[in-house]
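Working notes, beginning with the structure itself.
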Amino acid sequence: MREGVIQNHTERKVWLWVFAGFLFQTIPAAIRDEALPVALKNAGVTNHAITRTVSLLGFIVALKIFWAPVLTLWGRTRASIIIFQTAIVSLLFSLAYFISPSDYSTIAIASTLALLSLCSAAHDFLLDGYYVSSLSDTQRAKHSGLLSFSSKLGQVLAGPGVIWLAGYALTRNQPINLAWSMSLTLAAIITLIVCGLMVYGFKPEPIETSNPSSSRQTLSEIVSSLSDLLRDQRTPALVGLILFYRLSEVHLIRIVPLFSLDSHIHGGLELNNEQYAGMRLATAILGLAIGGIIASWIISKRGLAKSIMPLGVSMHLPLLAVTWLSFYPNQNLATIGGIFLIEYIAFGAGICALLLAMMQVANGKHAAVRYALLSTIAVLSVYIPGLWAGSLSDQLGYPKYFIFTLFLAIPGLISAYIAQEKLKVN
4 MREGVIQNHT ERKVWLWVFA GFLFQTIPAA IRDEALPVAL KNAGVTNHAI TRTVSLLGFI
64 VALKIFWAPV LTLWGRTRAS IIIFQTAIVS LLFSLAYFIS PSDYSTIAIA STLALLSLCS
124 AAHDFLLDGY YVSSLSDTQR AKHSGLLSFS SKLGQVLAGP GVIWLAGYAL TRNQPINLAW
184 SMSLTLAAII TLIVCGLMVY GFKPEPIETS NPSSSRQTLS EIVSSLSDLL RDQRTPALVG
244 LILFYRLSEV HLIRIVPLFS LDSHIHGGLE LNNEQYAGMR LATAILGLAI GGIIASWIIS
304 KRGLAKSIMP LGVSMHLPLL AVTWLSFYPN QNLATIGGIF LIEYIAFGAG ICALLLAMMQ
364 VANGKHAAVR YALLSTIAVL SVYIPGLWAG SLSDQLGYPK YFIFTLFLAI PGLISAYIAQ
424 EKLKVN
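Numbered according to my numbering, the sequence shown spans residues 4 to 429.
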């Protein structure tokens, strides 16, 4: 996106496009990360194959950094965001259509999922970049709680929401393919509505003016900006934070849905689709709202650097409860739901600090491209563990696997300590 002076005295609706944009952004990710594993689990696919499939699709999202030069030179950021949102809506409807026949084509479904990941990568780059470059540090901090809440709300609606609807249809003897097709159709309708809200929210935004620089000069500026980012004394600490801060949580979220659906014989919680999705819906919305509010309050009072460590500690505490649950899976739904609620509160608060740290360091000339590089590292850090998480859980069993995630909290807290010291220097 070419940067230039933007002027418009119309009252902005930042809250609306932040809410709609980041809610929309997480819908394709939730379908890929949470709904798809459950669908494959329903079809009898192994944990190893499920986590590897999701990771391979996630790697496509990491291609956002390669979109950066093209989209930066093209400009018209807000129009581009709407174009890619329209493409994503179309792909979701197509995915629902390809799944519906009993003799569905695996190639058509896989190709659609790959295109969906590719388009969501471009959309992520554009939206993240616009948020970073068009708002001041104060404005970003002010809307950080809303960003976190809307992101997780989209994840809940397109993850547990889609799973619940498919489970509801399955309990009424609908074929698996039709049950999932129906739920994906509803997800596509929701994205269409949210896209409309995005268009309305963008209307009063300042007018974007083109950068008069030539393409060659713009590319040279991008390279120079990325070089400045790599030389920034905060960058190594931030990269460590990206890789390790949520390492234990990443391993946790790859397996928790599979652990929840597995039978007691295999060490799981033996929830059906409706129970799992309903519980995640109820606990996630409340938990993420509380987590976002807590994070915003702590960061506004203490500052970002001083907040990273306490929020990091809180993010890792639910691992103890999940590990206990893996040893004693025969718990009632209230106990399981309480643990899920604590997990969402802690994760929502902790991840808010990480996102703001990335935005703080990315801020500057060509902030969108700088943030794309950092978020590409973040995407890879989330999906690479999926290559072995399913296989590891199959080999160790759920209790030992979750103990393993507890030990991964140690490098996460070390990275938080180092980052908070470096981010004090701004």
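C-beta atoms are modelled at their ideal positions from N, C-alpha and C, and glycine is treated no differently.
Tell me whether residue i sits in a helix, a strand or coil according to DSSP, three-state version.
i, result
"Val8", "Confidence in Val8 is poor, its pLDDT being 38 and thus under 50, which makes the residue's placement unreliable; the coordinate value appears in the next sentence. Coil."
"Ile387", "coil"
"Ser217", "Here Ser217 scores only 48 on pLDDT, less than 50, and its place in the model is too uncertain to base an answer on."
"Leu19", "helix"
"Leu274", "coil"
"Lys427", "coil"
"Glu37", "helix"
In whole angstroms, give me the CA-to-CA distance for residue i and residue j.
i, j, result
"Met4", "Ala356", "Residue confidence for Met4 is low, a pLDDT of 47 falling below 50, so the modelled location carries little weight; the figure read from the coordinates is stated next. If you take the alpha carbons of Met4 and Ala356, they lie about 26 Å apart."
"Arg237", "Ile348", "28 Å"
"Phe330", "Asn50", "19 Å"
"Val372", "Val259", "33 Å"
"Asp131", "Ile268", "44 Å"
"Leu246", "Asp235", "18 Å"
"Tyr171", "Glu277", "6 Å"
"Gly7", "Val21", "Bear in mind that a pLDDT of 44 at Gly7, under 50, signals an unreliable position, so the number given afterwards is only what the model happens to contain. About 21 Å."
"Ile413", "Tyr386", "20 Å"
"Val253", "Val197", "28 Å"
"Thr96", "Leu116", "Checking the sequence shown, residue 96 turns out to be Phe, not Thr. The straight-line gap from Cα to Cα measures roughly 12 Å."
"Ser217", "Ala23", "Low per-residue confidence applies at Ser217: pLDDT is 48, beneath 50, and the placement is therefore not dependable, though the value from the model is reported in the following sentence. Between Ser217 and Ala23, the C-alpha separation is close to 33 Å."
"Ile380", "Leu229", "14 Å"
"Ser147", "Leu255", "24 Å"
"Tyr279", "Ser227", "48 Å"
"His126", "Leu344", "30 Å"
"Ile302", "Ser139", "16 Å"
"Ile9", "Arg79", "Unreliable positioning characterises Ile9 in this predicted model, as indicated by a pLDDT of 44, which lies under 50. The coordinate reading is nonetheless provided below. Computed Cα separation, rounded: 12 Å."
"Ser153", "Val242", "25 Å"
"Tyr401", "Thr141", "43 Å"
"Gly415", "Leu320", "12 Å"
"Ile417", "Tyr374", "23 Å"
Look at the Cβ atom of residue i, then the Cβ atom of residue j, and state whether they are nearer than 9 Å.
i, j, result
"Ala287", "Pro163", "yes"
"Gly204", "Leu19", "yes"
"Ile179", "Asn45", "yes"
"Tyr261", "Gly393", "A small correction: the amino acid at residue 261 is Leu; Tyr does not occupy that position in the sequence shown. Their beta carbons are under 9 Å apart, which means Leu261 touches Gly393 by this criterion."
"Ala308", "Leu426", "yes"
"Val57", "Arg283", "no"
"Ala124", "Leu66", "yes"
"Leu94", "Leu118", "yes"
"Thr338", "Ile406", "no"
"Ala422", "Val316", "no"
"Leu291", "Lys155", "yes"
"Leu323", "Leu232", "no"
"Gly61", "Ser114", "no"
"Ile34", "Leu187", "yes"
"Ile30", "Ala285", "no"
"Leu26", "Leu250", "no"
"Thr194", "Ile110", "no"
"Glu37", "Ala161", "yes"
"Tyr248", "Met318", "yes"
When you compare each of the options to residue i by their alpha carbons, which one comes out closest?
i, options, result
"Asn333", "Asp127, Leu261, Gly270, Leu229", "Gly270"
"Leu200", "Gly61, Ile417, Val17, Leu181", "Val17"
"Ile296", "Gly353, Val382, Asn176", "Gly353"
"Leu359", "Leu244, Val165, Leu195", "Leu244"
"Pro313", "Ala337, Phe350, Thr326", "Phe350"
"Ile63", "Cys122, Gly415, Gly281", "Cys122"
"Ala182", "Phe101, Leu376, Ala365, Met362", "Phe101"
"Asn366", "Thr194, Leu328, Arg143", "Arg143"
"Trp167", "Ser153, Phe152, Ser184", "Ser184"
"Tyr404", "Trp391, Asp127, Glu14", "Trp391"
"Ile192", "Val165, Phe152, Gln177, Ile210", "Val165"
"Pro209", "Arg81, Ser310, Pro31, Leu173", "Arg81"
"Gln28", "Ile85, Leu39, Arg79, Pro40", "Ile85"
"Ser137", "Ala370, Glu37, Ser83, Ala240", "Ala370"
"Glu14", "Ala52, Pro207, Val159", "Pro207"
"Thr174", "Ala240, Ser103, Val159, Asn275", "Asn275"
"Gln177", "Pro239, His319, Ser105", "Ser105"
"Asn83", "Tyr133, Leu39, Thr54", "Note that residue 83 corresponds to Ser in the displayed sequence, not to Asn. Among Tyr133, Leu39, Thr54, the Cα nearest to that of Ser83 is on Tyr133."
Does the beta carbon of residue i fall short of 8 Å from some heavy atom of the ligand NAP?
i, result
"Ile34", "No copy of the ligand NAP appears in this structure; indeed no ligand is present at all."
Only counting runs of 4 or more residues, tell me where the alpha helix (DSSP H) segments fall wholly within the region 301–372, in order along the chain.
Segments of the alpha helix (DSSP H) lying fully in the region 301–372: 307–319, 321–330, 336–365.
Sequence ranges, alpha helix (DSSP H) only - wholly within the region 81–116, length at least 4:
For secondary structure counted as the alpha helix (DSSP H) over 4 or more consecutive residues, the region 81–116 holds no complete run.
Can you list the alpha helix (DSSP H) stretches of 4 or more residues lying completely in the region 177–260, in chain order?
For the region 177–260, whole alpha helix (DSSP H) runs of length 4 or above, ordered along the chain, are 179–205, 218–234, 238–247.
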